[in-house]
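Counting from 1, position 229 in the sequence shown corresponds to residue 220 in our numbering; the numbering is continuous, with no gaps.
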Amino acid sequence: MKLTKTALRELSAKYRAVLMKCALMNMMIFAGALMPHTANAGIMTVDKNTQLNQNTSVTDLNIEFASNGCDAKNCTLDGQKHTLSSSDGKNSLTITTTSETGYGGQLNDITLKASEIVGNTTNATGVELTGDVIFDAVTVSDIDLYGISGGSLTLTGTMKGGSLRGDQSFTVTGTLDNVKLRGELDNGSGLFKFHGIAKDTTFLNYDSFNLSDIKSEGRTEIHADTVSGNYYSSKSSANSNQINAGETLVLKSTDGTGNGTWNVANTLYLAGNIYGDLNGNGQNLYLENDASILEGGLKNIKIRILKDFSWNGNIKITSGSSGVRLFLGENHTDAKLITFNMTADVENVSEVIADNVTVEGHGKTIITPKLTVGEKAYFNDVTIKSGNDLSVSTEETHNFKNSTLHAGNRLDIEGDLINLTGNSTLTAQKIQAKNISVNGTLGVNGELFVDGFTGTGGNSLLVFGDDAKLNTRYSAYSDRIVRFSDINIQAGKTLEQTEEGIHYSINGSMALTSETEIKMNRLSNLYVNGSFDFSKGSLSIGKNNIELGENAVMKGNAVVSAETENVSTVVLNKNAKWIGSLSSVNNNDNVTLEINADDFTLDNDLKIAKNTLHALNIQKNLTLAGGAVVDMNAVTARMPGIDVSIDGNGTLRANMFIDANSYSFKDIAIEAREKNLDIGTIADFTNNAISAPGAITFHNAATFHGASFLSAQSIKAKAVALDGTLTVSGVLHADKITGGTLNIVLPETAVTSPIVTADAENVTLTLDLKNVKGKEAQKYRLTNTKDGYTVSGDYGKYAFSADGDFADYRADKDAFSFANAWKNSDGTLWVMRISGGAQAAIDDLRAAGIFVSPVEENASKILEMANNNPFADALTALLDSGNPALQKQALREVVPTDAAASAFKSAKNTANAVMNAVSGRLGGSSSVSGRSGGDLTVGESSVWVQGMLNHAKMTGGFKADTAGFAAGVETNLTDEIKAGFGYAYASTDIKTDRSKTDANTHTGFVYGEYAPDALYVNAMLSFGRSDYDDKAKLSGMKNSYKADTYSARVATGYALGVLTPEAALRFTAVRQKAYTDALGARVSAKSLNTATMVAGAKAAKTFTAGKYAITPEAKLALTYDLARPNEDRTVTLPDGSSYVAAGEKLNRLGFKIGAKAAVRLTNAVEVSLSYDGAFKEHYQDHTGLMNVKVEF
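See below:
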């Protein structure tokens, strides 16, 4: 019992002394019974079981367990939860054991407090610990302890040296520095193991440490270079090598400066935390808690995650790790599908194995050289990256969405198929894959080796980087074909292959969406079995073959870039179609075009350039449609001995036709590719045009059906059979000609040797005389003999003579017919053109395909009526020149109404320009500063002048340039009304295809405005007279005529400050007077009236700059012609006949834009510049005005 001072003070004075004596006597009796005996001060000798009933402090305490009591295991110091301290914990405390029997003594439920606790014990005589023992000291050194089951040791400081044994349920808490952990023999193994529990314990300075010696609880820190054994948790019922939630294992090196390494010998389950290095020895590490922390270097270990898991950065595998394999999910078919969420990068793993897992990357990165993907694995929004090589392998299908596979050197994607959806990317110097399925966009950066691409979802796109290249896989089992199906391509400037013998196959549809050149220049083939559209880019071919399968379609332009001849083949199977062009950059005849179908149509969608095709191999029947042109060096039947048929409306260019049993041509044009054309086999022609600059040679029999044409300098043939008409331009030598009609095209000048040399049989001879144009007779030797020929044809414009005498041809025209002259000839005839002038020129022009209008034809009749007219003679000479350009121009100049029609439009333009000039004086304001209605100064007057420039243009019609001025005087009659009048002059230069016209126009006008407030109304009237002087371009024919112009304009608007909306009605009437032109044609008078509605707005605001006031203005309006004139003119010829020349009407709807800048220099003077533009379909005019106004 302990009495406090407070209690003593409360006792009465008379009992205090008695009580103190009793208390001292009782304490002495109690101490003698319960405290150990002491040999001297500070030494507590425990030689029997002793209890501590209160907290006790002893100076320089030394606890000595005496051998006489301990030998009998009868020396326990029982603290009963009290504290025994040395000098209140300020001095050291020593524990000494002296027993020699192997039992040193026992501490139970006690706290020893000292600055230092020092042991003087041995392993054999260590101190047993029972109950809860606390060593409250900075250091506990060189003491041997043995923890009994159910007991615990708590170290507030560090236990250094000594040893510690522990039974199964004994717990130690604190820091152990190089403490030897000992215990009883373990299962007869001969090894002593510490079986106690280490709770929140740190083990320091161990060269090696065996985790199996302890059971951990809370935080266990081990300072040892090498750690072995299994981690046993006090919370685990079995020895499972499991770190539970709330438990932490810290592994540091012996000196504490780095990490220690745990050599994991069995499967490790981690729900808690590990800091340090692990050497897995091929063992499994199961991550069971996404809140776990694993931080350190790992080697040769398998990390397995078998449930939904969030990788949030708590798992930090440091650099230098190796052999770390991350298993996501299980590869059993019945395994649960898990989700692996990444909110941090996965780094320093040697391999990632994914089975039955969805990896949600959230934009994070897995850094690994190898990814093995198993069943039901799916990656979304994740980057798989390696600084060097990256291998992605599986026997199943890869599934990636919005993901990136990135390797610093080489990326290998093994397995049959990789599915890429969304926006995904493959990046590496070299990329190898087998089959890639794309649903979305796939970016490719690097050289890609792949078997094929398949697009799904209907809008799949391959995006190749600027340096990307496309090849097939390295595999020896690959057929070297890159297959594309339903996918589009986008690339940089070029997309090329670097390996030889790489082939491309396109199924479904594929399109090139960028201006990219696809280079196939290394012995490669392109197979198109669906559709391929590369029209936005181009295809470069070098030593390659292209084959379009049945019904395939290809669009785009291809260029053969090989330097040697005949190195490429283009094969077109049944119903295949190529829309684009095929050409050669070196003019080397590189390509053979092979038609692999019995019946095939080749149309003009495929444009084959000259010097591209070497040969055309035809199966049987070929149709050239749509004007298709096939240009080649030779034509060779694909199967010799089979008859070849080519028809259509295209053109076939070649030097020779060989290697077929026979050829049949129908409706196509056949041209020599260079100078000469050789046809080596029997040929049958129907409606063909055959031509060569030099010679055409038929080496076998030729038959001509329908209407065919031969044109060459020299034509040589064997037997020629005619079943229709054959027109020949050039010299023909044939062994024999039988049947039909032979039409000879005569040249412009005489021919003295036979044009046709042949034995003839039942041949009808006709002539084509379009080249015979001069008035002088020309001598022609038509045939080598008259035998076998009959002549036919109507040649009314020509006369024929057997001797060249045409003296009486006007008296007896029948005597000079082709038939009569032929009877008296030996095959030689003189031919003279006897009709000329306008009609002959018109016929020639139309025959040449040049359009001649009915108006031009009607107008030309006046040339036969104009006698002694130099202009008529000049025009007739132009028509007789035989030059189509001069003839066409002569017909233009015969028509008198062309200039008059343009004159109407230019007159209206001039009237509108004057209106624009006057309207600038109106609009509810009188100066650049603007004013409201009622602000006019009564009696104030001004003089103004404006310079005008106008340019008008009608597409296919005329151009007119006008320069002039307008001037006027105005006065303010009241503060709301002003009026004015003026004069304008304009000089116009009109140019048409026919002539040049100068016009001078004088215009007078009056105007007025009423502006009582913001609303204003104004109007103007004008009258103008125009004089026109017209001169034709070639004949120099001059004509003069006049026109009067009446115009009126009424407008109203409302000033809303800066913005003023306005509407106007404009009327223009042009009265063109009748006149007779220089050839005698009378052009009728014509009234042309136009009424136009104008609606728009203008915006203006005044700014002050020093003493100047500046007002910019902009306006916009729509115009619509409520009424427009009929511009048809009636022309009467001298013989009384007449014709109507139709005019051209413009679109009713148009728009106007305008801008103006006005500056007031003084109170009385202002200047301005303005622009007005009027626009309609096929027509525009632009007006510029400069105005000066002076008030007085």
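Where a beta carbon is used, it is the ideal one built from N, C-alpha and C, also for glycine. For clarity, every value in this text was computed on a predicted model and none was experimentally measured.
Answer with buried or exposed for residue i, where buried requires no fewer than 16 other C-beta atoms within 10 angstroms of its C-beta.
{"i": "F391", "result": "buried"}
{"i": "Y137", "result": "buried"}
{"i": "A1165", "result": "buried"}
{"i": "R837", "result": "exposed"}
{"i": "L176", "result": "Note that L176 has pLDDT 47, beneath the 50 cutoff, so the model's placement of it is unreliable and no number is given."}
{"i": "A660", "result": "buried"}
{"i": "Q71", "result": "exposed"}
{"i": "N679", "result": "buried"}
{"i": "Q159", "result": "exposed"}
{"i": "G443", "result": "buried"}
{"i": "Y654", "result": "buried"}
{"i": "G731", "result": "buried"}
{"i": "G1169", "result": "According to the sequence shown, residue 1169 is His rather than Gly. By the 10 Å Cβ count, H1169 comes out exposed."}
{"i": "D325", "result": "exposed"}
{"i": "H353", "result": "exposed"}
{"i": "S897", "result": "buried"}
{"i": "I782", "result": "Correcting the residue type first, residue 782 is Val in the shown sequence and not Ile. So V782 counts as buried."}
{"i": "T385", "result": "buried"}
{"i": "S851", "result": "buried"}
{"i": "V846", "result": "buried"}
Quick test of your reading: residue i and residue j, contact by CB under 8 Å. State the CB separation rounded to the nearest angstrom.
{"i": "T88", "j": "F56", "result": "5 Å"}
{"i": "V337", "j": "L362", "result": "Contact doesn't hold; Cβ gap of about 11 Å is too wide."}
{"i": "T412", "j": "H397", "result": "Not confirmed; about 18 Å, so no contact."}
Between residue i and residue j, what straight-line distance do the alpha-carbon atoms span, to the nearest angstrom?
{"i": "H993", "j": "I841", "result": "42 Å"}
{"i": "D380", "j": "G399", "result": "6 Å"}
{"i": "K171", "j": "D204", "result": "11 Å"}
{"i": "G1066", "j": "T1174", "result": "Residue 1066 is actually Tyr in this sequence, not Gly. Roughly 30 Å between the two C-alpha positions."}
{"i": "G311", "j": "G288", "result": "7 Å"}
{"i": "K1022", "j": "S1031", "result": "9 Å"}
{"i": "G220", "j": "S476", "result": "57 Å"}
{"i": "L615", "j": "I427", "result": "40 Å"}
{"i": "A865", "j": "S1026", "result": "6 Å"}
{"i": "D1004", "j": "T988", "result": "47 Å"}
{"i": "G157", "j": "K206", "result": "10 Å"}
{"i": "T192", "j": "I358", "result": "35 Å"}
{"i": "Y789", "j": "A868", "result": "19 Å"}
{"i": "D346", "j": "L297", "result": "10 Å"}
{"i": "N646", "j": "D750", "result": "28 Å"}
{"i": "S978", "j": "G911", "result": "21 Å"}
{"i": "N430", "j": "S496", "result": "19 Å"}
{"i": "N275", "j": "G446", "result": "40 Å"}
So residue i is in the beta strand (DSSP E); what residue range does that whole segment cover?
{"i": "F689", "result": "A686 to F689"}
{"i": "L261", "result": "L259 to L261"}
{"i": "D135", "result": "D135 to G138"}
{"i": "K982", "result": "I968 to T983"}
{"i": "V550", "result": "V544 to V551"}
{"i": "R474", "result": "I472 to Q481"}
Identify the continuous alpha helix (DSSP H) that holds residue i and give its terminal residues.
{"i": "K761", "result": "Here K761 belongs to no alpha helix (DSSP H), and DSSP marks it neither H nor E."}
{"i": "L866", "result": "P861 to L870"}
{"i": "E848", "result": "P845 to A850"}
{"i": "N811", "result": "F809 to K814"}
{"i": "P875", "result": "P875 to V885"}
Looking at the strands, I want to know which residues DSSP matches up with residue i.
{"i": "I54", "result": "M35 and I86"}
{"i": "D799", "result": "According to DSSP, D799 bridges with nothing at all."}
{"i": "R1151", "result": "A1100 and E1157"}
{"i": "E405", "result": "Paired residues: none, contrary to the question."}
{"i": "G413", "result": "G431"}
{"i": "Q769", "result": "V822"}
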